[in-house]
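For what it's worth, the numbering used here labels the leading residue of the sequence shown as 28, then goes sequentially. Beneath this line is the structure, given in structure tokens, with notes to follow.
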Amino acid sequence: MYPEPVHPAPAEWAVTAYQPAPIPPAVVHPAPVVPVQPDTVPAVASIVLPDGRIVTGYAINHPQPAPVAAAPAASRVAVNVALGGVGFLAVCGGLLLLTSFIAALTAFIGQLVILAAVVFGGWIAVQVLGASGHQGGTTVNIRKAVIKRNHFHG
């Protein structure tokens with residue numbers, strides 16, 4: 028059914044089978060008996076059940092853990108770091124608003140300076156150019172005039 032191998036397997040490929048060695052059973056040593064001090068023997072307690080049976084046994088006193096001092100919900104260092112972060116964020120927001128306010132105030136003052144320069148410069152120009160006396164036009168002094176039918180007779 029299967030074709031014959033072309034090359035026979037070399038001799039070093041020989042299979043060696045090993046049998047497992049049984050593991051010896053573990054030797055169980057009985058637990059050492061610790062002598063019990065008479066003061067540590069628990070007291071015997073009896074309980075009467077509702078149906079009248081009496082159950083007798085040793086009362087077990089569960090060891091109570093030592094009271095632990097109430098630890099704060101968060102350490103002081105963590106609280107201080109959190110408050111510092113909140114304060115830093117508040118300062119950053121305030122600084123951002125402060126810089127925006129300063130930029131707007133600077134632009135407003137710049138516009139006021141430009142407006143003042145235009146108005147004051149115009150006033151100075153009128154003073155300088157108006158002081159020459161003669162402006163090059165015809166001056167007519169009207170004292171008594173008669174206006175008849177939209178015509179001026181002077």
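Where a beta carbon is used, it is the ideal one built from N, C-alpha and C, also for glycine.
Arg151 versus Ile136: straight-line alpha-carbon distance, rounded: Stepping through the sequence shown from its first residue, residue 151 is reached at position 124. Stepping through the sequence shown from its first residue, residue 136 is reached at position 109. Before going further, note that residue 151 is Ile rather than Arg in the sequence given. Near 22 Å, if we compare the C-alpha coordinates of Ile136 and Ile151.
Val54 - DSSP class collapsed to helix/strand/coil: Here residue 54 corresponds to residue number 27 of the sequence shown, with the count starting at 1. It is coil, neither helix nor strand.
Euclidean distance between Cα positions of Val71 and Ala98: Counting from one through the sequence shown, the residue named residue 71 turns up at place 44. Counting from one through the sequence shown, the residue named residue 98 turns up at place 71. The straight-line gap from Cα to Cα measures roughly 39 Å.
Span separating the alpha-carbon of Ala130 from that of Val108: Looking up residue 130 in the sequence shown gives position 103. Looking up residue 108 in the sequence shown gives position 81. C-alpha separation (whole angstroms): 33 Å.
Boundaries (first-last residue) of the beta strand (DSSP E) holding Ser73: Here residue 73 refers to the residue found at position 46 when the sequence shown is read from its first residue. Per DSSP, Ser73 belongs to the beta strand (DSSP E) from Val71 to Val75.
Leu116 versus Val95: straight-line alpha-carbon distance, rounded: Within the sequence shown, the letter at position 89 stands for residue 116. Within the sequence shown, the letter at position 68 stands for residue 95. Taking the straight line joining both Cα atoms gives about 37 Å.
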